[in-house]
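In what follows, a structure is listed as structure tokens, so that the remarks can point back to it.
2 protein chains.
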Amino acid sequence: MNGIMFYPLLEEAGDFINSSVRGKKLIICIGLFSVEYLGRSSSNLGLGERVLMVKEDGSVLVHRRVGYEPVNWQPAGCIIRCGVRDGKLLLLSERRRPKEFLKVVFDKVYLITSTSLVDEARFEIGPVENEFYDLLMAHPEYIEEGLRIVSRQKSMPSGIPDFTGKDSKGNYVIIEVKRSMAGVDSVKQLDRYMKSQRGHFRGILCAPSITKSALLILKKKGYDFRRLNLKALSSLVAFKPYEETLDRHLEEGGS
Amino acid sequence: MNGIMFYPLLEEAGDFINSSVRGKKLIICIGLFSVEYLGRSSSNLGLGERVLMVKEDGSVLVHRRVGYEPVNWQPAGCIIRCGVRDGKLLLLSERRRPKEFLKVVFDKVYLITSTSLVDEARFEIGPVENEFYDLLMAHPEYIEEGLRIVSRQKSMPSGIPDFTGKDSKGNYVIIEVKRSMAGVDSVKQLDRYMKSQRGHFRGILCAPSITKSALLILKKKGYDFRRLNLKALSSLVAFKPYEETLDRHLEEGGS
DNA sequence: GCGCTTAGCCGCTCA
DNA sequence: TGAGCGGTTAAGCGC
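First to last, the sequence lines map onto chains A and B.
The first sequence lines up with residues 1 to 255 when you count with my numbering.
The second sequence lines up with residues 256 to 510 when you count with my numbering.
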């Protein structure tokens with residue numbers, strides 16, 4: 001049921017949670033509780049005041065006073081069981097694969113609320129991976145003049161390189177693209193692809209920047225680095241009107 | 256201020272948020288709003304009912320009906336500004352480095368609450384102290400194949416190493432175990448034990464990881480480092496108690 | 001501050 | 001179902 005309770009008895013809170021879970025509601029609960037986790041790892045969090053969130057898909061979040069990340073959690077798809085035992089309110093969340101358990105033991109519930117959220121909006125995310133590769137696919141000159149893309153995301157025994165192509169001199173090339181600074185593992189990734197090839201190939205690592213150590217290894221292995229101009233690339237996509245809105249509001253400020 | 260409001264006017268909600276931010280409270284708000292993000296990437300989420308959480312460290316989370324992950328967020332350290340503009344309640348979160356903005360635009364606020372959570376508990380990850388040593392005692396192969404534990408020092412008073420044992424070649428070994436990354440002083444500790452011994456002993460430092468400088472000294476002194484797989488160790492913890500609790504609960508309890 | 005490594009990473013895609 | 005891989009990864013640590 002949609003609703004809210006303040007300082008409920010633990011039995012009341014338990015009933016509330018169970019009917020909310022059955023009713024596919026989002027539950028938010030502020031209380032005094034401890035948390036145990038057992039699964040791929042294990043953890044123990046003693047008594048303290050925190051926020052518990054349980055969603056209709058079975059995901060569970062335990063948030064402490066600070067920090068972006070939940071201290072304990074369970075991803076979507078878990079089975080929630082709840083009830084009073086030995087004078088404490090117990091909430092158990094079981095994940096099937098991998099087998100994992102989260103146990104929340106309430107001493108006190110200060111506030112508990114459940115709601116049905118109506119939210120049909122589509123989440124639009126800006127120049128994402130795919131869009132980004134579309135651009136490079138359409139404009140290989142941003143990687144190297146005269147380059148022609150032959151394949152994209154082609155599966156190889158050693159993984160999946162972003163592109164294969166042919167350069168202006170007719171050499172076959174393998175291209176690994178990073179949207180942010182390339183590190184040592186980017187080079188390793190490229191190297192894996194290269195090693196699994198027979199015949200002459202050029203290797204190109206393409207990113208806005210590269211760490212010193214990565215560049216060192218790259219050079220030693222005889223591969224090339226191509227600096228990617230993200231700004232120039234973005235200018236190829238349509239301007240996002242909401243950036244304007246945000247800027248305007250930031251200028252005018254709030255308080 | 257600690258408190259809660261139902262269906263407040265946007266102005267009231269704005270004031271509430273501002274004083275809560277100043278008072279270092281955790282804010283939870285359920286409402287009808289849209290979200291824009293601009294920074295390393297950009298995103299747009301149209302109008303819908305969601306949960307907003309703002310923590311005292313400036314972290315911001317926007318949660319939709321489903322999913323473990325927040326649809327939008329801002330990590331700790333952001334500056335929160337809030338106020339009414341053009342009949343909407345705006346909440347802006349600004350991150351300095353990298354420069355990122357999150358804008359929440361409320362059409363309606365259904366519920367808003369702020370609390371000061373008292374939570375001093377320490378978060379223990381991995382097997383708890385005793386369990387941890389029990390596990391290693393029972394599974395010395397996690398330290399080294401063929402190792403046999405001879406003695407164990409449970410409590411911490413120094414002067415006595417965590418374990419002594421005999422390796423597969425019949426060498427006596429002194430083992431210093433750390434539950435977290437080993438540092439220079441871990442090596443020093445092992446070294447003290449070693450120096451207090453007469454006769455031939457091998458020294459093993461056993462930890463999930465080790466700092467470079469510590470490894471350097473360790474090698475120079477001729478001791479060995481053994482990487483501890485905490486994850487694998489955790490999985491050795493008996494699942495029985497949990498499953499029992501869960502089963503018992505399912506049979507007798509809640510719903 | 002930057003660069004590197006890890007994470008109960010999560011979640012997506014595709015063989 | 002598993003492997004590979006991106007992410008507004010975040011967060012921690014060494015340098």
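Ideal Cβ placement from N, Cα and C applies to all residues, glycine included.
The model shown is predicted, which means the values in this text are computed figures rather than measured ones.
Going along the chain, which residues of the stretch 197-210 of chain A sit with their C-beta nearer than 9 Å to a C-beta in chain B? none
Nearest chain A C-beta to Glu311 (chain B) closer than 9 Å, yes or no? yes
Along chain B, in chain order, which residues have C-beta atoms closer than 7 Å to that of Pro75 (chain A)? Tyr323
Gly438 (chain B), DSSP secondary structure in three states: coil
Inter-stretch contact (C-beta, 8 Å, three-pair minimum) for the stretch 289-306 of chain B and the stretch 259-273 of chain B: no
Return the CA-CA distance between Ala232 (chain A) and Ala214 (chain A), expressed in angstroms with no decimal places. 24 Å
Rounded to whole angstroms, what is the Cα-Cα separation between His200 (chain A) and Asn171 (chain A)? 8 Å
Assigned exposure category for Ser423 (chain B) - 16 Cβ within 10 Å defines buried: Burial state of Ser423 (chain B) is exposed, judged by a 10 Å Cβ sphere holding fewer than 16 other Cβ atoms.
Could you list the residues in the stretch 415-433 of chain B with a C-beta less than 8 Å from some C-beta on chain A, going in chain order? none
Cβ atoms of Ser93 (chain A) and Lys103 (chain A): under 9 Å apart, would you say? Yes, the Cβ-Cβ distance between Lys103 (chain A) and Ser93 (chain A) is below 9 Å.
Helix, strand or coil for Gln444 (chain B), going by three-state DSSP, please let me know. helix
Would you call the stretch 274-290 of chain B and the stretch 385-405 of chain B touching, i.e. three or more CB-CB distances under 8 Å? Output reads no: the stretch 385-405 of chain B does not touch the stretch 274-290 of chain B.
Nearest by alpha-carbon distance to Val84 (chain A): which of A:Val105, A:Gly67 and A:Lys178 is it? Just measuring C-alpha positions, the residue of A:Val105, A:Gly67 and A:Lys178 sitting nearest Val84 (chain A) is A:Val105.
Taking just the CA atoms, how far does Met436 (chain B) sit from Val326 (chain B)? 33 Å
Supposed contact pair Ile30 (chain A) and Tyr110 (chain A) - C-beta distance, whole angstroms, cut 8 Å: 5 Å
Interface positions of the stretch 366-391 of chain B facing chain A (Cβ-Cβ less than 9 Å), listed along the chain: Leu366, Thr368, Thr370, Ser371, Leu372, Val373, Asp374, Glu375, Ala376, Arg377, Phe378, Glu379, Ile380, Gly381, Pro382, Val383 and Glu386
Contact set for Gly342 (chain B): own chain, Cβ-Cβ below 8 Å, skip 5 residues either direction: In chain order, Leu265 place their CB closer than 8 Å to the CB of Gly342 (chain B), counting only its own chain and leaving out the 5 sequence neighbours on each side.
Burial state of Glu176 (chain A) (16 or more Cβ within 10 Å): Glu176 (chain A) comes out buried.
By the DSSP assignment, the alpha helix (DSSP H) with Arg22 (chain A) in it spans what residues? Under the DSSP assignment, Arg22 (chain A) falls in the alpha helix (DSSP H) whose first and last residues are Leu10 to Arg22.
Residues bridged to Met319 (chain A) [DSSP beta-bridge criterion]: The requested residue 319 (chain A) does not occur in the structure, where chain A is confined to residues 1 to 255.
Rounded C-beta distance between Val321 (chain B) and Lys55 (chain A)? I'm assuming under 8 Å. With a contact defined as Cβ atoms closer than 8 Å, Val321 (chain B) and Lys55 (chain A) qualify at about 5 Å.
Buried or exposed: where does Met411 (chain B) fall if 16 or more other Cβ atoms within 10 Å of its Cβ makes it buried? Here Met411 (chain B) scores only 42 on pLDDT, less than 50, and its place in the model should not be relied on; the value that follows carries that caveat. Classification of Met411 (chain B): exposed, given that the 10 Å Cβ count is below 16.
Contacting positions in the stretch 20-34 of chain A - beta carbon closer than 8 Å to chain B: Leu26, Ile28, Ile30 and Ser34
Quick one: is Gly401 (chain B) near chain A, going by C-beta distance under 9 Å? Judged by the 9 Å Cβ criterion, Gly401 (chain B) is not in contact with chain A.
Quick check on Ile334 (chain B) - is its C-beta less than 9 Å from some C-beta in chain A? Output row for Ile334 (chain B): interface = no.
Is Glu304 (chain B) close to chain A? Criterion is C-beta to C-beta, closer than 9 Å. yes
Could you have a look at Ser116 (chain A) and say whether DSSP puts it in helix, strand or coil? coil
Can you say whether Leu471 (chain B) is buried or exposed, counting buried as having 16 or more other CB atoms within 10 angstroms of its CB? Leu471 (chain B) should be labelled exposed.
Suppose you measure from the CA of Arg97 (chain A) to the CA of Ile79 (chain A); what does that come to, to the nearest Å? 12 Å
In terms of DSSP beta bridges, what is Cys206 (chain A) paired with? A:Val177 and A:Arg226
Please check if any C-beta of chain B sits within less than 9 Å of the C-beta of Met53 (chain A). yes
Do Gly203 (chain A) and Lys261 (chain A) count as a contact pair if the criterion is CB distance below 9 Å? Here chain A covers residues 1 to 255 and nothing more, so residue 261 (chain A) does not appear.
Among A:Gly39, A:Lys178, A:Leu228 and A:Lys154, which residue has its Cα nearest to the Cα of Arg95 (chain A)? A:Gly39
Three-state class that DSSP yields for Tyr397 (chain B) in the structure shown: helix
Report yes if the C-beta distance between Arg192 (chain A) and Ser158 (chain A) is below 9 Å; otherwise report no. Inclusion of Arg192 (chain A) and Ser158 (chain A) in the CB contact set at 9 Å is warranted, their separation being smaller than that value.
So that I know if they touch, is there some Cβ in chain B lying closer than 9 Å to that of Arg192 (chain A)? no
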